[in-house]
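Numbering (mature numbering (1 follows the signal peptide of the UniProt record, and there is no 0)), first residue to last: -19 to -1, 1 to 600.
Where is the CB? At the ideal position from N, CA and C, for every residue including glycine.
Structure, as structure tokens:
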Amino acid sequence: MSYNSFYFSILLLLFLSSAFPSYTFEYRWSTCNKALTYTQGSTYSSNLDLLITDLLRNTPQSSGFNTSNRGQSSNKVYGLLQCIGNISAEKCSACSQEANKTLHKECANNVGGRVWMDYCFLRYDNTNFISTLDSDPQVLVNQKDVTENTETFKSTTSSLLSNLSDQAYNVPANKLGAAGTASYSTSKLVYGLVQCWRDLSVNNCRSCLTTAKKAVEDCCSVKQGANALSGSCALRYEIYAFFNSRDSSPPPPYSSSSPPSPNSSSAPPSPEADKKKSKEKSSTKLPIILGIVGGIILVLVICMIGMRKRIKAAIVGRRGTLVTNHEDSHGFPPESGLLMQEQHLIFSLEELEEATDNFHDNNKLGEGGFGAVYKVGLYYPEKHRHLDWQKRYDIIIGIARGLLYLHEDSQLRIIHRDIKANNILLDDKLKPKIADFGLARLFPEGETHIQTRVAGTYGYMAPEYAMRGQLSVKADVYSFGVLLLEIVGGRKNLDFQCTPEMKNLLHWTWRLYTEGDALNMVDSTTRETCVLEQALRCIHVGLLCVQADAADRPAMSNVIMMISSSSVTLPNPTKPAFMSSVDQGYGKETSSQTFGMTTISTTLVPSVNQTSVTQVDPR
């Protein structure tokens, strides 16, 4: 990097650090499991560190909720992290970091503990508490009473909390949480928020919130605010707005019958203090705006400098260097199984001929808009051992979280339409990234499905989509199920080199599952070292995802919960959608599928190397 670029980068960091506010979060309550302790550096300590890292990394991107576990037998640790309310991913991440620091400070080396912050909840323990109801609340109380319209205030607050609870566990889109306001006089509002941890069932959420609401009403019905905190849910009301603001600091906590900390008895801010804060915020808007604008200008300047260098390098025509997975490159060990490439993108003809075995048809992936596309040897069965069970399991979870983001958490609801192994990229840490959105479709809110022309990859397309053009998020779920079984089995969904009974992966897996021998489909290189419970659960969930009826397939949020939590009971899967037989004489796959009382039969020509098949229409 040149001196000018370095100088601009430093200025950019200074501008951005002054432009974006930092968050502060208030400690509410904590409890510790003091039955046992662990020592630093022990196996349990290492598992706990891995668990916390996983929760802090993945929860903000998983719509504010995540569970995980690490280790085996007596050293196994379970964890849960839930952000409360509809807060941004950045605020969720900041609150989670603060909760982790607070819990380690409060519980030291106890094997378990839980902490409530004002916007997040963190818990870990050496026993499995996931999906288990814990509704015994600790109530924190604002000691000031409401002095006017007390009866109206009591009834209004009770109705508000009841309505929010109904919304939380009756509307799936609310994800077991809701917030709102109600008027108890002509000019005064009461604000309420309820939140169940999302590992709970609907019935357990209803029970937890009902218990929390009763505890608040029994002790604090005329108080200006109260907060009920249990191991499975939280309920809160105030006479001032304590949610909806994503950038302002939250109000201070208040007291309980046994205060969690010496400073927890402070009262809510007065109206005069609120006005003063509003003026202070207004006076800081101009520097923030100037900082953002200045930062954007600097980014553009740096990008222009970088583009100039790239254009110059392309004109000069530097040769590239291809580094195979038998060599060490950029610090990646040879056993990583990665194919790395330097930044220069020009190769000699001799290098390309060698990499593609003289452009042999066996290495041809398909035809693109600019010509033929070849693979450089990325599928070797003898390399399967480099992807051990834990890596495969993490890849499965990562892909599922990516689809959950597309289906539920992104601002625009997206259906990928071409989920397959070729479209999953792995970074240097083997974290999966969903790629190739060329066939993706935006999906309208409130719609269950849409009719569209068929485009995708045979073997991964859901039957209702392949046969009738009926597209929904469940089409991606089906594709994910096929891909999950491929990862577990270490083979393609249709392999002509296998024995006849094993050619179709779904058919073979279903047969083994019904015979009680599902573990036999796990890749032989990982079968001895895999976590038995995880492997069987992945196979079970994969079969649930590829069921014939789209309505029977689980949503991606449920898929993640079923794979990652051993306490969730799995329903029995029905027969997979495609039970196909292959006509070797003609190289065609004939598949039949029953929808209700109608049987549809088609003859499909398998695509070369499972590349995308698109029905092209004239513009």
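The continuous stretches of beta strand (DSSP E) do not include Arg518, which lies in the alpha helix (DSSP H) extending over residues 513 to 526. The criterion of a C-beta distance shorter than 8 Å is satisfied by Ser43 and Leu385. The three-state reading of DSSP puts Trp489 in helix, counting H, G and I together. Here Asn130 carries a coil assignment [DSSP, helix/strand/coil]. Around the CB of Val463, 16 or more other CB atoms lie within 10 Å, so the residue is classed as buried.
With contacts defined as CB atoms closer than 8 Å, Val469 and Ile520 qualify as a contacting pair. Taking 8 Å as the cut-off, the beta carbon of Leu17 is found no closer than this to the beta carbon of Val58. Met502: not part of any alpha helix (DSSP H); DSSP gives it neither H nor E. The straight-line gap separating the alpha-carbon atoms of Ser166 and Tyr100 is approximately 28 Å. For Cys200, the uninterrupted alpha helix (DSSP H) run begins and ends at 183 to 201, by DSSP. Here Phe102 is buried, its C-beta having at least 16 other C-beta atoms within 10 Å.
Asn501 and Lys372 have their alpha carbons spaced roughly 19 Å apart.
At the C-beta level, Ala447 and Val435 come within 8 Å of one another.
Of the candidates Val127, Ser116, Lys135, the residue whose Cα lies closest to the Cα of Thr191 is Ser116. In this chain, the alpha helix (DSSP H) harbouring Trp370 covers 370 to 385. Across the structure, Asp530 and Ala558 are spaced so that their CA atoms are roughly 8 Å apart. Around the beta-carbon of Ala353, fewer than 16 other beta-carbon atoms lie within 10 Å, marking it exposed. Distances from the alpha-carbon of Arg217 to those of Tyr172, Met543, Asp199 put Tyr172 closest. The beta-carbon separation of Ile395 and Ala421, rounded to 5 Å, stays under the 8 Å limit for a contact. DSSP places Ala89 outside both helix and strand once states are collapsed to three, so it counts as coil. Of the residues Tyr4, Asp126, Tyr221, Pro118, the one whose Cα lies closest to the Cα of Glu71 is Tyr4. In summary, Glu445 is buried, with 16 or more beta-carbon neighbours lying within 10 Å of its beta-carbon over all protein chains present. The beta-carbon distance between Gly379 and Pro413, rounded to whole angstroms, is 4 Å. This is short enough to meet the 8 Å contact definition. Glu87 sits close to Ser11, with the two beta carbons spaced by under 8 Å. Around the beta carbon of Met285, a 10 Å sphere encloses fewer than 16 other beta carbons of the protein chains shown; the residue is thus reported as exposed. CA-to-CA, the gap between Ile283 and Asp504 works out to about 48 Å. Annotated three-state conformation of Arg508 is coil, per DSSP. For Val197 and Leu142, the gap between their C-alpha atoms comes out near 10 Å. Burial is judged here by how many other beta carbons sit within 10 angstroms of a residue's own beta carbon; Val458 has at least 16 and is buried.
Residue range 158 to 164 is occupied by the beta strand (DSSP E) that includes Ala163. When the Cα atoms are used, Ala215 and Leu452 turn out to be separated by approximately 38 Å. In the DSSP assignment, Ile286 forms no beta bridge with any residue. Gln392 and Ser55 have their C-alpha atoms some 42 Å from each other.
A distance below 6 Å between beta-carbons, with the five flanking residues on each side excluded, links Gly60 to the following residues of its chain, in chain order: Leu32, Leu36, Ser49, Tyr105. In terms of Cβ geometry, Trp489 and Lys556 do not form a close pair [threshold 8 Å].
Residue environment for Leu29: buried (at least 16 other C-beta atoms within 10 angstroms of its C-beta).
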